[in-house]
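**Q**
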Amino acid sequence: MLIVGAGPCGLYGAYYAGFRGLTVAVVDSLPEAGGQITALYPEKMIFDIAGFPSVRGKDLVDNLVAQAAPFDPIYLLGEQAVAYEQLPDAALIRCASGQTVCAKAVVVTGGIGTFNPRPLPGAADWVDRGLAYIVPTYGPYADKDVVVVGGGDSAVDWALGLEPVARSVTIVHRRDDFRAHGHSVKLLRASTVTLVTPAQVVGMDGAQHVESVSVRDVKTKAVTVLPAQAVVAALGFTADITPLEAWGLDVQDRHIVVDTSMATNLPRVFAAGDITEYPGKVRLISVGFGEAATAVNNAATVIDPAAEVFPGHSTDQVAGSVA
Amino acid sequence: MTFVITATCVDVKDQSCIEECPVDCIYVGGRKLYIQPAECIDCGACEPVCPVEAIYAGRQLPEDKAVDKDDNRAFFEEVLPGRDAPLGRPGGYAKVGEIEVDTARITDFVKPPDED
Chain A
0 MLIVGAGPCG LYGAYYAGFR GLTVAVVDSL PEAGGQITAL YPEKMIFDIA
50 GFPSVRGKDL VDNLVAQAAP FDPIYLLGEQ AVAYEQLPDA ALIRCASGQT
100 VCAKAVVVTG GIGTFNPRPL PGAADWVDRG LAYIVPTYGP YADKDVVVVG
150 GGDSAVDWAL GLEPVARSVT IVHRRDDFRA HGHSVKLLRA STVTLVTPAQ
200 VVGMDGAQHV ESVSVRDVKT KAVTVLPAQA VVAALGFTAD ITPLEAWGLD
250 VQDRHIVVDT SMATNLPRVF AAGDITEYPG KVRLISVGFG EAATAVNNAA
300 TVIDPAAEVF PGHSTDQVAG SVA
Chain B
0 MTFVITATCV DVKDQSCIEE CPVDCIYVGG RKLYIQPAEC IDCGACEPVC
50 PVEAIYAGRQ LPEDKAVDKD DNRAFFEEVL PGRDAPLGRP GGYAKVGEIE
100 VDTARITDFV KPPDED
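These protein sequences, in sequence, are chains A and B. So the first sequence is numbered by numbering that gives the first Met the number 0: it starts at 0 and just counts up by one. So the second sequence is numbered by numbering that gives the first Met the number 0: it starts at 0 and just counts up by one.
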């Protein structure tokens, strides 16, 4: 079974797939498991998980990962599932990297869609010509004048990481205040990184590769041109459901239409969690957990038509055994 | 019920919320920002970053600000000055850019002195 989306419902689905004795892979476009919880509110307390009077977001994710761990799910993180192909007795899912996964059944727990870096307005032409949205390694920035755009943790962390490597680092942020962790901001203010605030990047210039960046002061509207051979835009993420629409799934208003067994319009493809739509839908984690169990157990009968939908009771497991 | 940007945002337009919104459903008008209620997924990421505390969950909106909820909706459902059709559901601020006008109420809005 392939689960698309490593948020809470996908992780819980991985547990159930394992409980049913299926081998399971979980693909997610983010580098870490946990979906929206990890991306948006890891430190917030959640009060509506059954049996937990309160649980911190990242603790819930850690527990879900631990619950699935005995079944050794294969995690394909940082991978975006972009295409679906129907095979005679399976579904073939292709990832943006080119990797393919052949599964007897697929459960889409894609939440609000795949996360993409928010584009720097008006800078689409500069991608791969000196503009980057993520900084996997600092090496390529050696001896360059780097302009980092943004005020969150990624922007500040990358600016600090680049400081000892690059010739110069300038951080441009639309406000005087930075949203990054207080300690990081303290380090930033004590560093050699030049802070240009409140300001916005309004243009990039250069022959082939970027050579300079135009920055406009938000208050005075004065435009300054900074030399830059590299620009890093760290403006957060936006979610996009279009890769799933491209599979041929019935998507209405960013949600996948499912029936009472959580089956979608595509053979062997089920869905669960925030991404599903049906009359009476309530978008809560608690509901998504139930849908994940419904989707996985119904999908199990697609994988093996002789299997029953009902998985048996988890209390019947021999202590310490996993299936 | 989705999140609502109240008139406290008028003439502030800080836009930190836009950087947080994972579905890009916050749009920039002439004097304030507006949340597209049908595109908002109710995640709450925008609310804590607003430097003037202009953003509320719709269900927690104080009674005296209920008009702001209607206003967020009107921005997308009514035909704004200089336009032929309502904005509707543009599918992301990045796609349409600054709108540069406001609802009639916000165009004529006088900020109370205690909110400056």
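Backbone N, C-alpha and C define an ideal beta-carbon position, used for all residues, glycine too.
With a threshold of 8 Å on Cβ separation, who are the neighbours of Val224 (chain A) within its own chain once the five nearest residues in sequence on each side are excluded?
**A** Contacts found: Asp204, Ser211, Val212, Ser213, Val214.
**Q** Taking the alpha-carbon of Thr193 (chain A) as reference, which of A:Val146, A:Gly160, A:Asp176 has the nearest alpha-carbon?
**A** Closest option to Thr193 (chain A), Cα to Cα, is A:Val146.
**Q** So what's Asp70 (chain B) in DSSP terms, helix, strand or just coil?
**A** The answer is helix: DSSP assigns Asp70 (chain B) an H, G or I state.
**Q** From the DSSP output, read off the bridge partner residues of Gly337 (chain A).
**A** Only positions 0 to 322 of chain A appear in the structure, and residue 337 (chain A) is not among them; the question remains open.
**Q** Count the other CB atoms within 10 Å of the CB of Glu18 (chain B); is the residue buried (16 or more) or exposed (fewer)?
**A** Classification of Glu18 (chain B): buried, given that the 10 Å Cβ count is 16 or more.
**Q** Do you know how far the Cα of Gly138 (chain A) is from the Cα of Tyr132 (chain A)?
**A** Each residue's alpha carbon lies about 16 Å from the other.
**Q** Quick check: the Cα distance between Ile40 (chain B) and Asp142 (chain A), rounded to an integer number of angstroms?
**A** If I take the Cα positions, the gap works out to 43 Å.
**Q** Measure from the C-beta of Ala65 (chain A) to each C-beta in chain B and report whether the shortest distance is under 8 Å.
**A** No, Ala65 (chain A) lies away from the interface with chain B (no Cβ there is under 8 Å from its Cβ).
**Q** Would DSSP call Gln35 (chain A) helix, strand or coil?
**A** Reduced to three states, the DSSP call for Gln35 (chain A) is helix.
**Q** Return the residue from the list A:Ala104, A:Asp27, A:Pro72, A:Ile45 that minimises the CA-CA distance to Phe18 (chain A).
**A** Selected option, being the one with the closest Cα: A:Pro72.
**Q** Under three-state DSSP, which class holds Arg188 (chain A)?
**A** DSSP places Arg188 (chain A) in helix when its eight states are reduced to three.
**Q** For Pro41 (chain A), which residues in chain B fall below 8 Å Cβ to Cβ?
**A** Those within 8 Å of Pro41 (chain A) in chain B number zero; the least Cβ separation is about 12 Å.
**Q** I'd like to confirm the pairing. Which residues does DSSP put opposite Val250 (chain A) in its beta bridges?
**A** The partner list for Val250 (chain A) (beta bridge, DSSP) reads A:Ile255.
**Q** Could you spell out the range, first to last residue, of the beta strand (DSSP E) harbouring Pro116 (chain A)?
**A** Pro116 (chain A) -> beta strand (DSSP E) spans 113-116.
**Q** For the region 44-107 of chain B, which segments carrying the alpha helix (DSSP H) assignment without a break, of at least 4 residues, lie completely within its bounds, in sequence order?
**A** Here the runs fully enclosed are 65-76, 92-95, 103-106.
**Q** Interface residues of chain A around Val51 (chain B) at Cβ under 8 Å?
**A** Per Cβ cutoff of 8 Å: no residues; Val51 (chain B) is ~12 Å from chain A at best.
**Q** Would a check of beta-carbon distances place Asn115 (chain A) closer than 8 Å to chain B?
**A** No, no contact with chain B.
**Q** List, in order along the chain, the chain B residues whose C-beta lies closer than 9 Å to that of Gly151 (chain A)?
**A** Going along chain B in sequence order, the residues near Gly151 (chain A) (Cβ under 9 Å) are Glu18, Glu19.
**Q** How long is the line joining the alpha carbons of Gly235 (chain A) and Pro30 (chain A), rounded to whole angstroms?
**A** Spanning the two alpha carbons is a distance of roughly 14 Å.
**Q** With DSSP collapsed to three states, give me the class of Cys39 (chain B).
**A** Looking at Cys39 (chain B) - three-state DSSP - the assignment turns out to be coil, as it is neither helix nor strand.
**Q** Which residues, in chain order, does the region 92-106 of chain B contribute to contact with chain A at a C-beta distance below 8 Å?
**A** Within the region 92-106 of chain B, the residues whose Cβ lies closer than 8 Å to some Cβ of chain A are Ala93, Gly96, listed in chain order.
**Q** Which bits of chain A does Cys42 (chain B) rub up against, with CB to CB less than 7 Å?
**A** Correct list: Gln35, Leu39.
**Q** Please confirm if Val11 (chain B) has its CB atom under 8 Å from at least one CB of chain A.
**A** No - not a single Cβ of chain A is within 8 Å of the one on Val11 (chain B).
**Q** Shorter than 8 Å from the beta carbon of Ile25 (chain B) to some beta carbon of chain A?
**A** No, Ile25 (chain B) does not count as interfacial toward chain A.
**Q** Name, please, each residue of chain A whose Cβ falls closer than 9 Å to the Cβ of Asp3 (chain B).
**A** It should be noted that the sequence gives Val, not Asp, for residue 3 (chain B). What Val3 (chain B) touches in chain A: nothing, since even the nearest Cβ is about 18 Å away.
**Q** Ignore the nearest five residues each way along the sequence and tell me which others in Phe2 (chain B)'s own chain have a CB closer than 8 Å to its CB.
**A** Taken in chain order, the residues that qualify are Ile34, Cys39, Asp41, Gly43, Cys45, Glu46, Ile54, Tyr55, Ala56, Gly57.
**Q** Counting only the same chain and skipping the five closest in sequence on each side, list residues whose C-beta sits under 6 Å from that of Lys43 (chain A).
**A** The answer, listed in chain order, is Gly56.
**Q** Can you check whether the CB of Ile274 (chain A) is closer than 8 Å to the CB of Ala104 (chain A)?
**A** Cβ atoms of Ala104 (chain A) and Ile274 (chain A): not closer than 8 Å.
**Q** Is Gly247 (chain A) near Ala271 (chain A), with beta carbons less than 8 Å apart?
**A** The answer is no: Cβ separation not under 8 Å.
**Q** Quick one: residues in its chain with C-beta nearer than 7 Å to the C-beta of Val64 (chain A), no 5 flanking neighbours on either side, listed in chain order?
**A** Excluding positions up to five away in sequence, the list reads Leu10, Ala32.
**Q** With contact counted as at least three CB pairs below 8 Å, one residue from each stretch, are the region 67-76 of chain B and the region 92-112 of chain B in contact?
**A** Yes, since at least three Cβ pairs between the region 67-76 of chain B and the region 92-112 of chain B fall closer than 8 Å, the two stretches touch.
**Q** Under 8 Å, do Lys31 (chain B) and Ile105 (chain B) count as touching if we go by C-beta distance?
**A** Cβ distance < 8 Å, so Lys31 (chain B) and Ile105 (chain B) count as in contact.
**Q** Bridge partners of Ala262 (chain A), per DSSP?
**A** Its beta-bridge partners are A:Phe269.
**Q** Residues of the region 76-92 of chain B in Cβ contact with chain A at a cutoff of 9 Å, in chain order, please.
**A** If the cut-off is 9 Å between Cβ atoms, the region 76-92 of chain B has Arg88, Gly91 near chain A.
**Q** Curious, which full-length beta strand (DSSP E) runs of at least 3 residues does the region 108-171 of chain A contain?
**A** You should have 113-116, 144-148, 167-171.
**Q** Shortest alpha-carbon distance to Asp252 (chain A) belongs to which of A:Lys185, A:Ser96, A:Gly110?
**A** Nearest option by C-alpha distance: A:Gly110.
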